[in-house]
Structure formats: structure tokens, C-alpha cells
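Student:
In the working numbering, the protein residues as written are 3 to 418.
(1) Taking its Cβ as the centre, do 16 or more other Cβ atoms sit within 10 Å of residue 302, making it buried, or is it exposed?
(2) Taking residue 113 as part of the alpha helix (DSSP H), name the residues at either end of that continuous run.
(3) When the Cα atoms are used, what is the spatial distance from residue 155 to residue 139?
(4) Alpha carbons only, please: which of 308, 343 and 305 is nearest the one belonging to residue 316?
(5) Can you tell me whether residue 272 is buried or exposed? The criterion is at least 16 other CB atoms within 10 Å of its CB, across all chains shown.
(6) Going residue by residue through the segment 125 to 211, where are the continuous alpha helix (DSSP H) segments of at least 4 residues, counting only ones entirely within it?
(7) Helix, strand or coil for residue 24 per DSSP?
(8) Which of the three DSSP states is assigned to residue 396 in this structure?
(9) Short check: CB of residue 251 to CB of residue 368, under 8 angstroms?
(10) Does the Cβ of residue 63 have 16 or more other Cβ atoms within 10 Å, making it buried, or fewer, making it exposed?
(11) On the three-state DSSP scale, how would you describe residue 301?
(12) Can you name, in chain order, every residue of its own chain whose Cβ lies under 7 angstroms from the Cβ of residue 402, other than the five neighbours on each side?
(13) Is it true that the CB of residue 362 sits closer than 8 angstroms to the CB of residue 394?
(14) Who pairs with residue 361 in a beta bridge, going by DSSP?
(15) Enumerate in chain order the residues of its own chain whose CB-to-CB distance from residue 240 is below 6 angstroms, with the five nearest sequence positions on each side excluded.
(16) Based on Cα-Cα distance, which residue from 52, 119 and 57 lies nearest to residue 3?
(17) Could you round the C-beta distance between residue 117 and residue 34 to whole angstroms and report it? I think they count as a contact, below 8 angstroms.
(18) So is residue 87 buried or exposed if we call it buried at 16+ other beta carbons inside 10 Å?
(19) With DSSP as the reference, please indicate the residues paired to residue 341 in a beta bridge.
(20) Taking 8 angstroms as the cut-off, decide whether the C-beta atoms of residue 236 and residue 309 are in contact.
(21) Using the beta-carbon count (16 or more within 10 Å), is residue 40 buried or exposed?
(22) Considering only DSSP beta bridges, list what residue 269 is partnered with.
(23) Short check: CB of residue 257 to CB of residue 209, under 8 angstroms?
(24) Whole angstroms are fine: how far does the CA of residue 198 sit from the CA of residue 366?
(25) Using three-state DSSP, classify residue 17 as helix, strand or coil.
(26) When DSSP builds the beta bridges, which residues end up paired with residue 1?
(27) Tell me which residues share the same chain as residue 172 and place their Cβ nearer than 7 angstroms to its Cβ, disregarding the 5 neighbours each side in the sequence.
(28) Could you say if the segment 185 to 198 and the segment 160 to 171 meet the contact criterion of at least three C-beta pairs nearer than 8 angstroms?
(29) Does residue 41 come out as helix, strand or coil in the three-state DSSP assignment?
(30) Report the three-state DSSP secondary structure of residue 384 (helix, strand or coil).
(31) In angstroms, rounded to a whole number, what distance separates the CA positions of residue 390 and residue 359?
(32) Do you know offhand how far residue 22's Cα is from residue 371's?
(33) Roughly how many whole angstroms lie between the Cα atoms of residue 238 and residue 149?
(34) Taking all protein chains shown into account, do 16 or more other C-beta atoms lie within 10 angstroms of the C-beta of residue 14, making it buried, or fewer, making it exposed?
(35) Once you ignore the five residues that flank residue 83 on each side, which residues in its own chain have a CB closer than 7 angstroms to its CB?
(36) Which same chain residues, not among the five before or five after residue 200, have their C-beta less than 8 angstroms away from its C-beta?
So, in C-alpha cells, the structure goes:
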């Protein structure tokens with residue numbers, strides 16, 4: 003008799019969203035370990051595309067996906083416009099936070115009543131998924147496992163987007179969710195440390211577990227690694243530039259390196275694919291006179307992104323000028339193509355330490371321009387003289403495969 007769980011995952015196939023990947027990989031492996039999964043997910047996603055191939059990976063009678071109606075806005079559409087209007091900002095944020103809860107609660111309740119649900123597993127963001135799990139636990143008294151993929155009430159991305167009143171209330175709800183959860187999963191050791199430090203009276207060492215994102219080793223090993231000529235350096239970024247993720251520090255660094263004459267005779271190309279403010283970025287590149295090094299492109303499908311990455315020397319990951327406690331999904335996406343990473347961020351950040359400790363990349367600091375210039379020149383020199391092994395060794399990532407991570411999740415499930 004399969005063990006039945008309720009999985010509250012807002013992002014789930016058929017939508018091809020990088021946030022769906024974790025839920026997909028865990029789900030298809032859990033059913034191989036005698037689990038039956040009832041998923042409650044969002045019905046609409048304007049920022050993702052329907053991927054029939056991805057849907058096939060979770061096509062099983064042991065995975066039941068109940069899609070619940072929700073409002074979804076394009077990242078450049080209504081949501082962005084409303085947030086610029088200060089009078090409506092708070093109302094919009096509150097509405098957006100709570101609107102999915104009534105229908106998803108009703109759907110989840112029906113699933114619980116009609117089946118033998120052993121535990122509830124909820125993943126966030128979006129953070130209202132945590133509230134849904136909390137309410138279901140309170141009413142049905144079923145063990146609750148809560149997964150944090152980002153910090154909530156102290157999330158730096160909320161600065162300027164929510165009021166202090168809303169932040170205080172988020173913090174209160176955050177504490178209630180953490181206190182009510184029977185176990186907590188953090189997506190990184192950094193986030194685990196943050197939760198313990200931020201909520202010392204609630205989150206204890208034996209209650210929180212770090213389970214990072216992972217790789218499919220079979221796909222990883224099947225990837226052919228293309229290495230461009232040493233005198234041709236190609237850095238490729240694929241994704242979205244938003245919030246605190248800013249290319250300006252790198253643009254200024256390359257401008258300084260150019261002025262020093264360190265790029266003479268070097269074929270440097272930085273490909274930008276994805277969603278970003280084209281006009282602003284184009285103006286910055288022209289202002290600092292580095293247009294010849296950048297190629298600005300729009301959004302392309304995932305398979306084309308992976309092809310562009312395979313043709314690059316290194317990948318480019320744009321981080322923040324803060325020590326954010328998680329590793330972006332994009333890092334794992336890049337590593338899945340066996341390419342090392344140039345990380346634009348802080349050297350003391352969790353991501354920078356991870357890349358350095360595992361010999362998976364190089365950090366160009368965003369908070370020290372002169373040091374950034376020196377680091378970039380050194381990187382260029384080492385690439386030209388073939389002093390860097392560009393291919394990622396599978397042994398470096400063996401502990402980060404989904405096949406090795408899923409048993410850790412199951413061991414937590416088995417406690418309840």
C-alpha cells in the first residue's frame with residue numbers, strides 16, 4: 003500500500019518553470035519508493051510555458067495533480083505597474099498573498115478527507131503556500147513538513163516593496179509556521195543557519211535539515227562539453243535580471259580592463275539571454291564604451307539556452323551585493339551542462355564559498371571595483387594560457403545528484 007502524502011507545490015508541470023524542477027525531480031523518485039503523491043498546484047502561470055515533455059516525467063497514476071485557479075501576472079505586466087503606485091501597493095500585495103488560499107484550502111481539504119494522507123509537504127515561495135500548510139495542520143492534525151527555498155520575513159527583496167506593518171505581520175506568521183511545523187527543510191546549509199539564528203527559540207538543530215537542489219547525473223554524463231579556442235572567450239548568461247541582480251558592476255569592470263589595454267588581441271564575448279530591461283542595459287553598455295563585448299538577446303526556450311551554454315567558455319551568474327543564504331537554481335542549471343561559473347557577487351557570500359570550495363567557478367566581487375578589475379584580468383590571462391580546467395568533473399558533484407538527495411527527504415518523511 004503506497005504511503006500517501008499531500009504536496010503543496012505552487013509550481014508544478016505542465017509549466018516549464020525552473021521552480022518546477024525540484025518538485026518534478028523529487029516526485030518522480032518518491033513514487034519509486036512506494037509513495038503516492040497528491041499535488042496541489044497553480045493552474046495559471048504567465049511567466050512559464052507549457053512543456054509536454056516535462057509533463058511526461060510526472061505522468062503516473064501515483065501522482066495526482068490538482069490544479070487550483072489562481073491569478074497570474076506577467077513579470078512586466080499588471081503586477082509591475084501596480085507595484086509602482088504607492089497608494090495601491092499595500093492592497094495589491096495583501097490581495098496577491100491571500101487570493102489563492104480559499105480555493106487551494108478547499109481542494110486540499112477534500113483530498114485529505116477522501117484519502118489516507120500520512121503527511122503534508124509544503125514548499126515556498128510563494129510564501130502563502132506556508133500559510134496553507136499551517137492551516138491544514140491545525141485543522142486536520144497531520145504532520146507538516148515545511149520547505150523554505152528562500153528566507154521569508156527578512157527577505158532583502160522585500161525592501162521597498164512592502165511596508166513595515168506588512169513585514170511585522172509576515173514575521174508573526176513566519177514564526178507560527180515554523181513553530182507548527184514538525185520538520186523544516188532548508189534549500190541550503192546557509193539558509194538552515196539563517197533560520198536557526200533568526201528564530202533561535204523556535205528552530206532547533208534537530209528540527210531543520212538542509213537538502214539542496216541537485217542534478218540528474220545521467221543527463222550530466224550524457225552532456226558533451228565543447229571548449230572554444232583559448233583566444234576566444236565566451237561568457238553566457240541565461241535567465242532574468244531583476245531586483246538586486248545587476249550587471250552594472252561587471253560593465254564598469256570590463257570598461258576599466260579595456261582602458262588598461264588588457265583586452266587588446268582578446269576575443270571576448272558576453273552573451274545575455276533572457277528577461278531584462280533592454281533599453282537600460284543597452285544604455286549602460288554604450289555609456290561605458292564596451293558595446294563590442296556584449297551581445298544582448300531576448301528570451302529563448304530552455305533547450306536553446308542549454309545549447310548556448312554548451313558553446314560557451316564559462317557561464318555567467320549574476321548575484322547580489324549581499325550574502326544571500328541560498329544558491330540560485332540557475333547555478334545548478336549551469337553545472338548540469340558541465341560548465342564552470344563566473345559569479346558576479348560578494349566573495350563572502352554563500353554562493354561564492356560553494357563555488358570556491360568545490361572548484362566550480364570564480365567570483366568577481368561587486369563590492370570592490372579595483373579588486374574586481376584585478377580578478378577579471380587574472381581570469382582572462384589564465385584562460386588564454388590554458389591554466390584553467392573548464393570541464394566540471396562528475397566526482398565534484400556526485401553528492402548533489404537527485405538520486406542521492408531524495409533518500410534524505412524520505413528519511414525525514416519516515417520520522418512521521
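Note that beta-carbon positions come from the ideal geometry of N, C-alpha and C, so glycine has one too.
Tutor: Once the coordinates are examined:
(1) The sequence position of residue 302 within the chain shown is 300, counting from 1. Residue 302 should be labelled exposed.
(2) What you label residue 113 is simply residue 111 of the chain shown in a count that begins at 1. 103 to 116 is the span of the alpha helix (DSSP H), which, as asked, contains residue 113.
(3) In the chain shown, counting from the first residue as 1, residue 155 sits at position 153. In the chain shown, counting from the first residue as 1, residue 139 sits at position 137. Answer to the nearest angstrom: the Cα atoms are 21 angstroms apart.
(4) By 1-based counting over the chain shown, the position of residue 316 is 314. Checking every option, the nearest Cα to that of residue 316 belongs to 343.
(5) Sequence index remark: in the chain shown, residue 272 carries index 270 (1-based). Looking at its Cβ environment, which holds 16 or more other Cβ atoms inside 10 Å, residue 272 is buried.
(6) Qualifying alpha helix (DSSP H) stretches, in chain order: 130 to 142, 166 to 182 and 191 to 200.
(7) On the chain shown, position 22 is the one that residue 24 refers to. Correct three-state label for residue 24: helix.
(8) Within the chain shown, numbered from 1, the residue matching residue 396 stands at position 394. DSSP, read as helix, strand or coil, puts residue 396 in helix.
(9) The residue labelled residue 251 in the question sits at position 249 within the chain shown. The residue labelled residue 368 in the question sits at position 366 within the chain shown. Going by C-beta atoms, residue 251 is nearer than 8 angstroms to residue 368.
(10) Working through the chain shown from its first residue, we reach residue 63 at position 61. Flag for residue 63 reads exposed.
(11) On the chain shown, residue 301 is found 299 positions in, with the first residue counted as 1. In the three-state reduction of the DSSP assignment, residue 301 falls in the coil class, being assigned neither a helical nor a strand state.
(12) Here the question's residue 402 lines up with position 400 in the chain shown. So the list reads 214, 216 and 217, once near-sequence residues are dropped.
(13) One-based indexing of the chain shown puts residue 394 at position 392. One-based indexing of the chain shown puts residue 362 at position 360. For the 8 angstroms CB-CB criterion, residue 394 and residue 362 form a contact.
(14) Position 359 of the chain shown, counting from 1, holds the residue named residue 361. BP columns for residue 361 are empty, so no partner.
(15) Sequence index remark: in the chain shown, residue 240 carries index 238 (1-based). Only 275, 276 and 307 meet the Cβ criterion.
(16) Along the chain shown, read from residue 1 onward, the residue named residue 3 stands at position 1. Nearest C-alpha to residue 3: 119.
(17) Residue mapping note: residue 117 aligns to position 115 of the chain shown, counting from 1. Residue mapping note: residue 34 aligns to position 32 of the chain shown, counting from 1. Going by Cβ atoms, the distance from residue 117 to residue 34 rounds to 20 angstroms, so no, they are not a contact pair.
(18) Position 85 of the chain shown, counted from the start, is the residue given in the question as residue 87. Low local confidence applies: a pLDDT of 47 at residue 87 is under 50, so the model's placement there is unreliable, and no value is given.
(19) As a first step, residue 341 must be located in the chain shown, where it is residue number 339. Under DSSP, residue 341 forms a beta bridge with 393.
(20) Here residue 236 is taken as the residue at index 234 of the chain shown, counted from 1. Here residue 309 is taken as the residue at index 307 of the chain shown, counted from 1. Not in contact: residue 236 and residue 309 (Cβ atoms no closer than 8 angstroms).
(21) Residue numbering aside, residue 40 sits at position 38 when the chain shown is read from its first letter. With 16 or more Cβ atoms within 10 Å of its Cβ, residue 40 is classed as buried.
(22) Residue numbering aside, residue 269 sits at position 267 when the chain shown is read from its first letter. DSSP lists 234 as the beta-bridge partner residues of residue 269.
(23) Working through the chain shown from its first residue, we reach residue 257 at position 255. Working through the chain shown from its first residue, we reach residue 209 at position 207. In this structure, residue 209 does not lie closer than 8 angstroms to residue 257 by Cβ.
(24) Along the chain shown, one-based indexing puts residue 366 at 364. Along the chain shown, one-based indexing puts residue 198 at 196. Answer to the nearest angstrom: the Cα atoms are 30 angstroms apart.
(25) For the purposes of this step, residue 17 is identified with residue 15 of the chain shown, where counting begins at 1. Annotated three-state conformation of residue 17 is strand, per DSSP.
(26) Beyond the ends of the chain as shown, which are 3 and 418, falls residue 1; an answer cannot be given.
(27) On the chain shown, position 170 is the one that residue 172 refers to. For residue 172, where only same-chain residues beyond five positions count, the Cβ hits under 7 angstroms are 154 and 155.
(28) no
(29) Sequence index remark: in the chain shown, residue 41 carries index 39 (1-based). Looking at residue 41 - three-state DSSP - the assignment turns out to be strand.
(30) By 1-based counting over the chain shown, the position of residue 384 is 382. Residue 384 falls in the helix class under three-state DSSP.
(31) What you label residue 390 is simply residue 388 of the chain shown in a count that begins at 1. What you label residue 359 is simply residue 357 of the chain shown in a count that begins at 1. Approximately 16 angstroms between the Cα atoms of the pair.
(32) Residue 22 sits at position 20 when you count from the first residue of the chain shown. Residue 371 sits at position 369 when you count from the first residue of the chain shown. C-alpha separation (whole angstroms): 36 angstroms.
(33) The residue labelled residue 238 in the question sits at position 236 within the chain shown. The residue labelled residue 149 in the question sits at position 147 within the chain shown. Roughly 31 angstroms between the two C-alpha positions.
(34) One-based indexing of the chain shown puts residue 14 at position 12. Of the other Cβ atoms in all chains shown, 16 or more fall within 10 Å of the Cβ of residue 14; this residue is therefore buried.
(35) Taking the chain shown and counting its residues from 1, the one referred to as residue 83 is at position 81. Reliability fails at residue 83, whose pLDDT of 44 lies under 50, so the model's placement of it is uncertain and the value that follows must be treated cautiously. If we look at residue 83 and ignore the five residues flanking it on each side, it has no Cβ neighbours.
(36) Sequence index remark: in the chain shown, residue 200 carries index 198 (1-based). Only 153 and 156 meet the Cβ criterion.
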